[in-house]
Amino acid sequence: MSNYVYLVDDDAAVRNALSLLLETVGLDVRSFASPEVFLSQAAELPPGCLILDIRMPTISGLKLQERLAVLGIHWPTVVISGHGDIEACRRAFRNGAIDFLSKPVDEQDLIDAIQKGHQELQSQTQKSAERAEAITLIDHLSAREREVIEMIARGLTTRQIAEALGLSPRTVESHRAAIAAKTGTSSTAELTRYWLEAQG
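Just so you know, we're using full-length UniProt numbering here: the sequence shown kicks off at 1 and counts up by one.
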């Protein structure tokens, strides 16, 4: 499970205090004095939980969230603010924040939010792995087998698939047998899940 926490805050005192707190509970904390520095390194960092100050001189925490989303980085984010207003809070959650905390930050609230973030990250990682497995399985099917599994996923019977593709039911059954051999399952529910996961 990920143990990384990335703290982006232009206030050195806040960075030092929060880093010290989080390190004492066994978290691997890396702090960044500006969003620009974090953005320059983000692509190389292992996934982790983000803590963003909402008000920073050049790029706000909200803008940083938006830029990360454009880069395809959707890590769980805790937004902290000394000037918490409802609209900023709404925007933070719309951008995918898992919590919004006001300064001075309650230590236990922050630790709880980060634990929640790491659980979400683990769930994201698991879903990504399942999708990658499904894509690999579907990629090993022939073009005709992909047509058949798509129709299975749409709930069509062997007879309906045969009629739709202009094949005999026996031929469809042989395609189903080949699909089962390649995917390791003949379960309609499992085949449907593989197809849907591979489509994203």
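From the three backbone atoms N, C-alpha and C, an ideal C-beta is built for every residue, glycine too.
Leaving out the 5 sequence neighbours to the left and right, which residues in its chain are closer than 7 Å to GLU150 when beta-carbon positions are compared?
Closer than 7 Å at Cβ, skipping near neighbours: TRP195.
For ALA42 and VAL70, the rounded distance between their alpha carbons:
Whole-angstrom Cα-Cα distance: 12 Å.
Please determine whether the Cβ atom of PHE32 lies at a distance below 8 Å from any heavy atom of the ligand ADP.
With respect to the ligand ADP, the structure shown offers nothing to examine, as it has no ligands at all.
Report yes if the CB atom of VAL14 is closer than 9 Å to the CB atom of ILE114, and no otherwise.
Against a cut-off of 9 Å, the Cβ pair of ILE114 and VAL14 comes out as no contact.
Other residues of its chain near SER168: CB distance less than 7 Å, five sequence neighbours each side excluded
Scanning its chain for C-beta atoms nearer than 7 Å, with the 5 sequence neighbours on each side dropped, one finds around SER168 the residues ALA162, in chain order.
Tell me whether ASP10 sits in a helix, a strand or coil according to DSSP, three-state version.
Residue state, collapsed to three classes: coil.
Distance check for ALA189 and GLY155, CA to CA, integer angstroms please.
Going from the Cα of GLY155 to the Cα of ALA189 covers about 10 Å.
Identify every residue that forms a DSSP beta bridge with ASP99.
Its beta-bridge partners are VAL78.
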